[in-house]
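Right, one structure below, let's go through it.
Residue numbers (the working numbering): 460 to 651.
Following this line, the structure appears as C-alpha cells:
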C-alpha cells in the first residue's frame, strides 16, 4: 500500500479537531477516489466509508459482482486489498479539520492533504474521482499540488471527475444513478 509521510499523529479526535486517515493506494492504482473527510463513524472505526449507510462499498460491489467483497465487520484489511486489486485507491482532500457531526457543510479550519508524493507512489494514476461536491471544489488545488510534484505534462493527462457522493446525506441521487455515474468512470479507465 501507499506510504506517504503524514504530518499528523495516529488518527484521533482532540476536542473538535479531527485527524484524517492515511491513503489506501498502490503503484497499480489507476483511479484515486478522494472524499472530503471521513465521517465520525469512519474515524472511530479507522476505516474509509465505515458508516453502514454510506453506499461506497455497495456501489463498488455492484460494479464487480464476480469478485465478492469481504464483509464489513472485522475485514477492513481484506476490503482494502480487494480495492487495490481493482486498481482503485482512496484518500481524502482534507488531512484534518474541525467539525461537529459528519456533514461536509460543518467542516471548518480544514487542512488540505499533501499530494506531492502521489505521482511517484502511483505512477499508473489516470484519474482523480472526487466523491461529492465538497471534495471536487478542491480539484484545482489537488491538480496544482500534483503539477508542482510531477510537472505539467504528467498532470495534464490526469482526469479530474466529480462523482455523486455516496454519503447517506446525498438522497437526491438514487443508488442506480450513482452506480451508473461511478460505472461510467471505471469503464472509461478500463477497470470494468
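Even for Gly, the Cβ is constructed at its ideal location relative to N, Cα and C.
Here the structure is a predicted model, which means the values were calculated and not measured.
For residue 642, the enclosing alpha helix (DSSP H) covers residues 634-647.
Counting along the chain, residue 619 sits inside the beta strand (DSSP E) bounded by residues 618-622.
Between residue 625 and residue 514, the CB-CB gap stays under 8 Å.
The beta carbon of residue 523 sits closer than 7 Å to those of 545, all from its chain and outside the five residues before and after it, given in chain order. The criterion of a C-beta distance shorter than 8 Å is satisfied by residue 605 and residue 574. Judged by DSSP in its simplified three-state form, residue 568 adopts strand.
Exclusion of the five residues before and after residue 528 leaves 516, 519, 520, 538, 541 as the residues of its chain whose Cβ lies within less than 8 Å of its Cβ.
Between the region 484-500 and the region 583-592 there are three or more C-beta pairs closer than 8 Å, enough to call the two in contact. Straight-line measurement puts the Cα of residue 500 at about 13 Å from the Cα of residue 531. Taking residue 507 as the centre and dropping the five residues before and after it, the same chain places the C-beta of 480, 483, 497, 501, 549 closer than 7 Å to its C-beta, in chain order. Residue pairing of residue 539 in beta bridges, as defined by DSSP: absent, with no partner found.
Setting aside the 5 residues that flank it on each side, residue 476 is surrounded in the same chain by 555, 557, each with a C-beta closer than 7 Å to its C-beta; the list follows chain order. In this structure residue 627 is in contact with residue 510, their Cβ atoms being roughly 7 Å apart against a cut-off of 8 Å. The beta-carbon distance between residue 594 and residue 495, rounded to whole angstroms, is 5 Å. This is short enough to meet the 8 Å contact definition. With distances taken between CA atoms, residue 582 lies nearest to 616 out of 634, 635, 616, 560.
Residue 590 is bridged by DSSP to 622.
With distances taken between CA atoms, residue 620 lies nearest to 645 out of 559, 633, 645, 566. Per DSSP, residue 501 lies in no beta strand (DSSP E); the unbroken alpha helix (DSSP H) holding it starts and ends at 499-504. When rounded, the separation of the alpha-carbon atoms in residue 643 and residue 597 is 22 Å.
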